[in-house]
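Visitor:
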Amino acid sequence: MSLVDLPLLPLGKGRDLTAERGVECLGELPSASDPDLVARARAAKAALGDRVFVLGHHYQRDEVIEFADVTGDSFKLARDAAGRPDAEFIVFCGVHFMAESADILTSDDQVVILPDLAAGCSMADMARLGQVEDAWDAMAAAGVQDSIVPVTYMNSSADIKAFCGRNGGVVCTSSNADVALEWAFEQKAHLDGGAKILFFPDQHLGRNTAVLKMGFSLDDCVVWDPLQPGGGLTQQELESARMILWKGHCSVHGRFTVDVIDDLRAQHEDIKILVHPECTHEVVLKADLVGSTEFIIKTVEAAAPGTTWAIGTELNLVQRLARAHPDKNIVFLDRNVCYCSTMNRIDLPHFVWVMESLVAGQVVNQITVDDETERHALVALQRMLDLPGKSHRD
């Protein structure tokens, strides 16, 4: 039984006109346009052998995941790449910021390739370096910069990670955001009023972590809008805030709503709602369990047969979990079938193209981070790796 046939929540097909521009809900993904592509991909991978290491993010299409040597989330995959120093080529089936992280963590003689350069991340794009530097200057003008420690989510560009490295900040994942925030607050705990955190680019992960894991109130959190003068905040709001949240979000996780949760609970009293912390605060409050992608996978794997789960994360993963666990009832926490439009740019034609190009001795779509950016980004990443007690995995 396919996911769209599951009886709990009929999932629509067609375009969702309420979605963000560029985010379309087109129903089931089509099969590969050319059946020969599968055979060509296998032949190219076999020809390259150990020279190539293929990474597949959990949100990728099945047609791509089939050829991944390892699967996982962004930082786990980058670490896996660094753990294979003998691989000449790293083909990262994910999005741009992930390939950048792999390039930062791998050796200089390894080549990182992104099959489609258009595979970006709308959330990462919501915090541009120029915007962040302007905000930093504005906070200096407001007299609060000296008390601020910048913390960036792994889902950010290399130059944003480097900004944090230069300015005493740290990178975090959805698994260790609370530990990263604890570390950040400790850096300037000696100041009157304590430290403030500038958290970007995802406001929801920052808010959910601060309020639900660290005991802050919603009043302690303000949102900095980079399109507004002074972030749209008053001097008083900046001075009293403990968490300054960048106005950014995930286009997929922002789709999940409390009304769908209410409808599902009304129909099935035993259903469990399992969501990612990139979801809105209202959705997270309604959920039974909240955690990273790895947490979601492990929770489903450990669940008892016959249990029913509605999962709020990217649809490719939810479908894969449903197929892998036919003894459990697993549905998508949305009325529409909506994939991550940028993740899905990595398809079989692009994968075959880069692999066959490598066989022919040509490197295409190489991702490189300049030395200066890499040096400062590594500082922020290393601070995260040095954090105690929690997994680094996203």
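Numbered by this note's numbering, the letters in the sequence shown go through residues -17 to 376 in order.
Each residue gets a CB set at the ideal place from its N, CA and C atoms; glycine is no exception.
Since this is a predicted model, take the numbers as computed values, not measurements.
Going by DSSP, name the residue or residues bridged to Ile130.
Guide: In the sequence shown, counting from the first residue as 1, residue 130 sits at position 148. In the DSSP output, where bridge partners are listed per residue, Ile130 has Lys178.
Visitor: Let me know the secondary structure DSSP gives Ala286 once reduced to three states.
Guide: The sequence position of residue 286 within the sequence shown is 304, counting from 1. Here Ala286 sits in coil by DSSP.
Visitor: Along the chain, which unbroken stretches of the beta strand (DSSP E) at least 3 residues long are found entirely within the stretch 167 to 252?
Guide: 178 to 182, 203 to 206, 225 to 228
Visitor: Residues in the same chain with beta-carbon distance under 6 Å from Val5, minus the five sequence neighbours each way, listed in chain order, please.
Guide: Here residue 5 corresponds to residue number 23 of the sequence shown, with the count starting at 1. Low local confidence applies: a pLDDT of 47 at Val5 is under 50, so the model's placement there is unreliable, and no value is given.
Visitor: Can you tell me which of the three DSSP states Gln364 falls into?
Guide: Start at 1 with the first residue of the sequence shown, and residue 364 comes out as number 382. Three-state DSSP puts Gln364 in a helix.
Visitor: Are there 16 or more other CB atoms within 10 angstroms of the CB of Gln42, so buried, or fewer, so exposed?
Guide: Numbered from 1 along the sequence shown, position 60 holds the residue referred to as residue 42. Buried is the call here.
Visitor: Tell me which same chain residues have a C-beta within less than 6 Å of the C-beta of Ala140, skipping the five on either side of it?
Guide: If you number the sequence shown from 1, residue 140 lands on position 158. Correct list, in chain order: Glu82, Val351, Thr355, Ala359.
Visitor: Which runs of the beta strand (DSSP E) at least 3 residues long sit entirely within the stretch 258 to 302? Give them in chain order.
Guide: 290 to 294
Visitor: Would you identify the three-state DSSP class for Asn326, choosing helix, strand or coil?
Guide: Taking the first residue of the sequence shown as position 1, residue 326 is located at position 344. Correct three-state label for Asn326: helix.
Visitor: Contact defined as beta carbons within less than 8 Å: I believe Gly175 pairs with Phe181. What is the distance between those atoms, to the nearest angstrom?
Guide: If you number the sequence shown from 1, residue 175 lands on position 193. If you number the sequence shown from 1, residue 181 lands on position 199. Gly175 to Phe181, Cβ: 18 Å. No contact.
Visitor: If contact is defined by three or more beta carbon pairs under 8 Å, each pair taking one atom from either stretch, is the stretch 330 to 346 in contact with the stretch 303 to 314?
Guide: no
Visitor: Classify Gln344: buried if its beta carbon has 16 or more other beta carbons within 10 angstroms, exposed otherwise.
Guide: If you number the sequence shown from 1, residue 344 lands on position 362. Gln344 is exposed by the Cβ-count criterion.
Visitor: Alpha carbons only, please: which of Ala69, Gly288, Phe57, Ala100 is nearest the one belonging to Gln364?
Guide: Position 382 of the sequence shown, counted from the start, is the residue given in the question as residue 364. Ranking Ala69, Gly288, Phe57, Ala100 by Cα distance to Gln364 puts Phe57 first.
Visitor: Kindly indicate which three-state DSSP category His415 falls into: helix, strand or coil?
Guide: With the chain covering only -17 through 376, there is no way to say anything about residue 415.
Visitor: From which residue to which residue does the beta strand (DSSP E) around Ile142 run?
Guide: Counting from one through the sequence shown, the residue named residue 142 turns up at place 160. Taken as a continuous stretch (DSSP letters only), Ile142 belongs to no beta strand (DSSP E), being part of the alpha helix (DSSP H) at 140 to 148.
Visitor: Using a Cβ distance threshold of 8 Å, determine whether the stretch 245 to 253 contacts the stretch 215 to 235, with at least three qualifying pairs required.
Guide: Under the three-pair Cβ rule at 8 Å, the stretch 245 to 253 does not count as touching the stretch 215 to 235.
Visitor: Less than 8 Å between the C-beta atoms of Asn326 and Pro97, yes or no?
Guide: In the sequence shown, the residue the question calls residue 326 occupies position 344. In the sequence shown, the residue the question calls residue 97 occupies position 115. Not closer than 8 Å, so no.
Visitor: Our contact map puts Leu315 next to Ile255 with C-beta atoms below 8 Å; I'd like the distance itself, whole angstroms only.
Guide: Residue 315 sits at position 333 when you count from the first residue of the sequence shown. Residue 255 sits at position 273 when you count from the first residue of the sequence shown. The C-beta separation of Leu315 from Ile255 comes to about 7 Å, placing the pair in contact by the 8 Å criterion.
Visitor: Buried or exposed for Arg33, please, with buried defined as at least 16 other CB atoms from any protein chain shown within 10 angstroms of its CB.
Guide: What you label residue 33 is simply residue 51 of the sequence shown in a count that begins at 1. Answer is exposed; the Cβ neighbour count stays below 16.
Visitor: For Ser89, does the count of other Cβ atoms within 10 angstroms reach 16, so buried, or fall short, so exposed?
Guide: Start at 1 with the first residue of the sequence shown, and residue 89 comes out as number 107. The residue in question, Ser89, is exposed, as its Cβ has fewer than 16 Cβ neighbours within 10 Å.
Visitor: Please tell me whether Met225 and Ile179 are closer than 8 Å, where the distance is taken between their beta carbons.
Guide: In the sequence shown, the residue the question calls residue 225 occupies position 243. In the sequence shown, the residue the question calls residue 179 occupies position 197. Cβ atoms of Met225 and Ile179: closer than 8 Å.
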